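Visitor:
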Amino acid sequence: MATRLGTDTIDPDEAEAVARILTRKQVLNQNVEWGKLSAAGIINQEEVRLMSLYDKKSVERKISEFRENPAAYASLFMNIIGGNSGVASLERTRYGLSLIEEILDEESSSFEYFLKLTDPWSPLLTIMDTKSDNYCASKAAKLISLFLFRSKQMPQNVLDDVLIWCNEQLRQPSTAEMALEGLQNLLRHDDVRLRFFEDDGLNRLGVLLKNLQSETQIIYKALLCLWLMSYNDHVASQFHHETNVIPNIIVVLKAVPKEKIIRIGTAVLANIASKGDNNMNKQVMIEGKIVRFLETANQRKWADEDLINDLEYLTEAISEVIREMSSWDAYKTEISSGTLERSPVHYSERFWKENVMMFEKDKFEVLGMLIHILKDSQNSQNLEIACHDIGQFIRYHPMGRQIISQMNGKYIIMGLMEHPDAAVQKEALLCTQKLLVVSWEHLGAK
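Residue numbers (the UniProt record's numbering): 1 to 446.
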């Protein structure tokens, strides 16, 4: 039996707990006394008549009634959530938001009538900021994002407000799903992807993947948002810079065997694999042990063609990079050229473990080239990578510290800690630390 509601609000202390278990169907199953709202001056008699034709009817009947009076129903629904009075009871707000969401889901033409209203934004923005009721806040954020997605001209102040709100909600696991609900609509706009990225969006989404105890739906929505982000070439090229993103995606793919998670997570990695400079996204995937995941995934039978294609593409792309990373000759050729690139070989743990003793060949010829680059090169990228590689030599060679000191590289490296380029400073500092600390392992994996 439906629950009868009047115009009073429920206890605010109970609101959040109730909101966690509410569904739209449950909200719309409640009875609102439209006559009382009319007596209170909240709606008029014509609106009561419209609701009598619409409320508690089948979805098909609701669509039919809406099509008969679309502008009137759009205005009425917005009025129910406080569009005219500016204030609505909690249960009335829930009901009105649910009515709007339902008709938007069922009747695509309804969007234009809400967007034609004088101000469809202010009531929803006010509700979105509701601290005591997650149901209302999440529905309002979703509706705003849907309206923005359909709007021919996005109001920048509304977009700013909703992105700020989403970022705030993403900080807390308990409210993250509300933000994801809205983001998965907003991120279909390319300019929003860039805006969200600039607000540390990639990192915030990646952090959500850390908690494998989260509901599958939260993990899925976070991956969906990352997938949408990956369609911006610039954003896709930057995934490897965020320590919480690619490694966490791979952890999720290994730990959550559901096909929809595997499908969307693999799609993210396939999208970003070819983006960025010198295979750095793929390098981070390799360091995150993607090979183990691919070996297991390729043994399973999949029905989804897109997933099969993405797995095949990733397997070939990763294999190619691994082949490149294992080549000492390719590395020596690059160092000899005097022009260093941020290619995967410099950052491959496997390369350094397998090839560190090769530096001893020809009286440490390649190591001498690196020190020469530090002395003479005016290129910041060359200096950064040379410092990094000498640091890796110290890390993996049992006599690395002593050899660098004997080759007069120590003070050259220390001098670069004063270099004007921040990346050079950072690598010079890390290299100096490895030179000065007897057991570099105490520094952690740098």
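The beta-carbon is built from N, C-alpha and C at its ideal position, and this holds for glycine as well. For clarity, every value in this text was computed on a predicted model and none was experimentally measured.
Helix, strand or coil: which one does DSSP assign to residue 379?
Guide: If DSSP states are grouped into helix, strand and coil, residue 379 belongs with coil.
Visitor: Compare the C-alpha of residue 110 against each of 90, 151, 91 and name the closest.
Guide: Among 90, 151, 91, the Cα nearest to that of residue 110 belongs to 151.
Visitor: Is it buried or exposed for residue 60, if we count other Cβ within 10 angstroms and need 16 for buried?
Guide: With fewer than 16 other Cβ atoms within 10 Å, it is exposed.
Visitor: Contact between the segment 292 to 299 and the segment 346 to 364 is defined here as three or more beta-carbon pairs at a separation below 8 Å; is this criterion met?
Guide: Not touching, per the Cβ criterion.
Visitor: Can you tell me whether DSSP reads residue 32 as helix, strand or coil?
Guide: Strand at residue 32.
Visitor: What do you reckon, are the CB atoms on residue 225 and residue 253 nearer than 7 Å?
Guide: No, the Cβ-Cβ distance between residue 225 and residue 253 is not below 7 Å.
Visitor: Given residue 352, which residues of its chain have a CB within under 7 Å of its CB, disregarding the five upstream and five downstream residues?
Guide: Result list for residue 352: 392, 396, in chain order.
Visitor: Could you tell me the distance, in whole angstroms, from the CA atom of residue 413 to the CA atom of residue 329?
Guide: Roughly 25 Å between the two C-alpha positions.
Visitor: Among 139, 198, 27, 149, which has the Cα closest to the Cα of residue 177?
Guide: It is 139.
Visitor: Taking residue 240 as the reference, which of 202, 119, 208 has the closest Cα?
Guide: Taking only the C-alpha atoms, the option nearest residue 240 is 202.
Visitor: Have a look at 244, 279, 256 and flag the residue whose alpha-carbon is nearest the alpha-carbon of residue 237.
Guide: That would be 279, whose Cα lies nearest to the Cα of residue 237.
Visitor: Provide the residue span of the alpha helix (DSSP H) that contains residue 296, from first to last.
Guide: Where residue 296 is concerned, the enclosing alpha helix (DSSP H) stretches over 290 to 297.
Visitor: How close, in whole Å, do the beta carbons of residue 232 and residue 207 come, if the pair is a contact with beta carbons under 8 Å?
Guide: No, residue 232 and residue 207 are not in contact; Cβ-Cβ is about 20 Å, not under 8 Å.
Visitor: Counting C-beta neighbours from all protein chains within 10 Å, is the total for residue 434 16 or more, i.e. buried, or is it exposed?
Guide: With 16 or more Cβ atoms within 10 Å of its Cβ, residue 434 is classed as buried.
Visitor: Assign residue 29 to buried or exposed, taking buried as 16 or more other Cβ atoms, counted over all protein chains shown, within 10 Å of its Cβ.
Guide: Residue 29 comes out exposed.
Visitor: May I have a chain-ordered list of the alpha helix (DSSP H) segments no shorter than 4 residues that lie completely inside the segment 139 to 212?
Guide: Listed in chain order, they are 156 to 170, 176 to 186, 190 to 198, 201 to 208.
Visitor: When DSSP labels each residue in this structure, what does residue 40 get in the three-state scheme?
Guide: Residue state, collapsed to three classes: coil.
Visitor: Check residue 407 in the structure and name its three-state DSSP category.
Guide: Residue 407: coil per DSSP, three-state reduction.
Visitor: Within its chain, find whatever has a CB closer than 8 Å to the CB of residue 266; leave out the 5 residues flanking it on each side and keep chain order.
Guide: Closer than 8 Å at the Cβ level, and outside the excluded window around residue 266, lie 253, 297, 307, 310, 311, 314.
Visitor: Ends of the alpha helix (DSSP H) at residue 89?
Guide: Where residue 89 is concerned, there is no enclosing alpha helix (DSSP H), given that its DSSP letter is neither H nor E.
Visitor: Name the two residues that bound the continuous alpha helix (DSSP H) containing residue 237.
Guide: It spans 233 to 237 - the alpha helix (DSSP H) in which residue 237 sits, taken as one unbroken run.
Visitor: Rounding to the nearest angstrom, what Cα-Cα distance links residue 409 and residue 371 in this structure?
Guide: Their backbone Cα atoms lie some 6 Å apart in a straight line.
Visitor: At the level of alpha carbons, what is the spacing between residue 93 and residue 129?
Guide: Whole-angstrom Cα-Cα distance: 13 Å.
Visitor: How should residue 432 be labelled, buried or exposed, when 16 other C-beta atoms within 10 angstroms of its C-beta is the threshold for buried?
Guide: That one is buried.
Visitor: Which residues in the same chain have their Cβ closer than 6 Å to the Cβ of residue 88, if we skip the five residues on either side of it in sequence?
Guide: 81, 82.
Visitor: Go through its chain and collect everything with a Cβ distance to residue 13's Cβ below 6 Å, but skip five positions before and after it.
Guide: With a pLDDT of 38 at residue 13, under the threshold of 50, the predicted position of this residue should be treated as unreliable, though the coordinate-derived value follows. So no residue of the chain qualifies.
Visitor: Is it buried or exposed, residue 41, if we count other Cβ atoms within 10 angstroms and call 16 or more buried?
Guide: It counts as exposed.
Visitor: So residue 75 is in the alpha helix (DSSP H); what residue range does that whole segment cover?
Guide: Unbroken alpha helix (DSSP H) run through residue 75: 70 to 80.
Visitor: Taking 7 Å as the limit between beta carbons, can you name the residues of its chain near residue 120, skipping five residues before and five after?
Guide: Taken in chain order, the residues that qualify are 78, 114, 147.
Visitor: Considering only their Cβ atoms, is the gap separating residue 390 from residue 382 smaller than 7 Å?
Guide: No, the pair does not count as a contact, with Cβ atoms beyond the cut-off.
Visitor: On the DSSP letters alone, give me the boundaries of the alpha helix (DSSP H) that residue 248 sits inside.
Guide: Unbroken alpha helix (DSSP H) run through residue 248: 246 to 255.
Visitor: Anyone know if the C-beta pair for residue 62 and residue 73 falls short of 7 Å?
Guide: No, the pair does not count as a contact, with Cβ atoms beyond the cut-off.
Visitor: Please return the same chain residues whose Cβ sits closer than 8 Å to the Cβ of residue 424, not counting the five positions on each side in sequence.
Guide: Same-chain partners within the cutoff: 380, 383, 384, 387, 416.
Visitor: Does residue 338 come out as helix, strand or coil in the three-state DSSP assignment?
Guide: In this structure, residue 338 counts as coil in the three-state DSSP scheme.
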